[in-house]
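Engineer: Sharing a structure here in structure tokens format.
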Amino acid sequence: MNNNGKIGVFDSGIGGVTVLKEIVKILPNEDYIYYSDSKNNPYGDKTDTEIIKICDFIVKDLLDKECKIIVIACNTASARAVDYLRKKYKNINFIAIEPAYKMVHDYSFENPTLIMATKGTIESEKFNLLFHKYDNHKTYLLPCVGLADIIEKEDEKALEKYLEEYLEPYKGKVKDVVLGCTHYPLIKEQIQNVLGKVEFFEGSNRLAVHLKEVLEKENLLNKQKEKGSIKFIDSSNSELKEERFFKILNNYL
Ligand code: DGL
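Positions 1 to 253 (the working numbering) are the ones given, in order, by the sequence shown.
What follows is the structure, encoded as structure tokens:
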């Protein structure tokens with residue numbers, strides 16, 4: 001591994017852009033490869049074996065493309081596959097996103113909270129350990145089956161219907177919402193349209209700070225003075241995805 005290597009970032013689609021934008025703000029001089037696995041989206045309802053196989057394939061590809069570190073910008077993949085990946089690729093650091101429930105514990109413990117995530121994340125052992133450690137006993141868990149898929153497909157009508165049906169019961173009941181899937185920060189406005197004003201919690205900024213610390217510690221920071229590059233790969237070769245990805249990223253930056 002050397003300093004000139006790239007930072008590999010992957011998700012089951014374009015949702016991980018909500019993580020990448022925080023990283024780029026903190027580490028602008030790095031070169032990035034973003035892998036959007038839209039061919040296999042959604043991950044949320046897949047088995048461990050399926051997710052591990054998919055992630056293993058992506059990691060191999062990113063390492064072949066000279067990535068020095070891998071960011072798993074998908075809560076479901078982190079929850080289900082990171083232990084396997086860390087055991088298999090011992091020389092590589094994996095930085096994995098997880099639902100920002102510790103943040104609720106640290107900054108907003110008294111508030112009734114809703115955790116939105118995929119079924120795969122909510123049913124995982126990793127998430128359950130986190131949840132029971134920081135449980136404020138005022139938290140609802142909402143497995144949002146199919147939501148990442150709707151966001152990925154940009155289906156505004158289906159989105160509105162989905163949120164009305166699944167979020168309406170929590171209206172007035174919760175003050176905090178943990179966005180436990182990296183696609184969900186893209187629909188904050190639509191969530192507030194149903195729930196009213198709520199405080200959002202997401203882990204991407206914390207992850208970016210941690211990534212920088214790890215690169216510093218491992219002496220892997222890119223020393224180049226100019227701004228780095230961002231290469232986008234989509235597993236179903238969708239040019240539309242690439243366009244949407246950069247549009248969202250540039251809006252954030
Ligand atoms: N962005 C992924 C996550 O954070 C979406 C999972 C899916 O594809 O269902 O969990």
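Glycine included, each C-beta is placed from N, C-alpha and C at the ideal position.
Going by the beta-carbon positions, is the gap between V82 and A96 smaller than 8 Å?
Structural biologist: Yes; because the gap between Cβ atoms is below 8 Å, this pair is in contact.
Engineer: Enumerate in chain order the residues of its own chain whose CB-to-CB distance from A79 is below 6 Å, with the five nearest sequence positions on each side excluded.
Structural biologist: If we look at A79 and ignore the five residues flanking it on each side, its Cβ neighbours are T121, S124, K126, F127.
Engineer: Check each candidate in D11, G16, T18, I33 and name the one with the smallest Cα separation from G228.
Structural biologist: For G228, the nearest C-alpha among the options comes from I33.
Engineer: Given that a residue counts as buried once 16 or more other Cβ atoms are within 10 Å of its Cβ, and exposed if not, what is Y252?
Structural biologist: Flag for Y252 reads exposed.
Engineer: Given a cut-off of 8 Å on the beta-carbon distance, is the pair L221 and N3 in contact?
Structural biologist: Against a cut-off of 8 Å, the Cβ pair of N3 and L221 comes out as a contact.
Engineer: Quick one: is H132 buried, meaning 16 or more other Cβ sit within 10 Å of its Cβ, or exposed?
Structural biologist: Label assigned to H132: exposed.
Engineer: List the endpoints of the continuous beta strand (DSSP E) containing C157.
Structural biologist: The residue asked about is misnamed: residue 157 is Lys in this sequence, not Cys. Premise fails: K157 lies in the alpha helix (DSSP H), 156 to 167, not in any beta strand (DSSP E).
Engineer: My parser needs the beta strand (DSSP E) runs of 3 or more residues fully inside the region 191 to 230; what are they?
Structural biologist: The region 191 to 230 contains these whole beta strand (DSSP E) runs: 199 to 201.
Engineer: Drop a sphere of 10 angstroms on the beta-carbon of L129, count the other beta-carbons inside from all chains shown, and report buried for 16 or more, exposed for fewer.
Structural biologist: Classification for L129: exposed.
Engineer: By how many angstroms is the C-alpha of Y134 removed from the C-alpha of K197?
Structural biologist: Spanning the two alpha carbons is a distance of roughly 24 Å.
Engineer: Could you please give the first and the last residue of the uninterrupted beta strand (DSSP E) stretch that includes D176?
Structural biologist: 176 to 179 is the span of the beta strand (DSSP E), which, as asked, contains D176.
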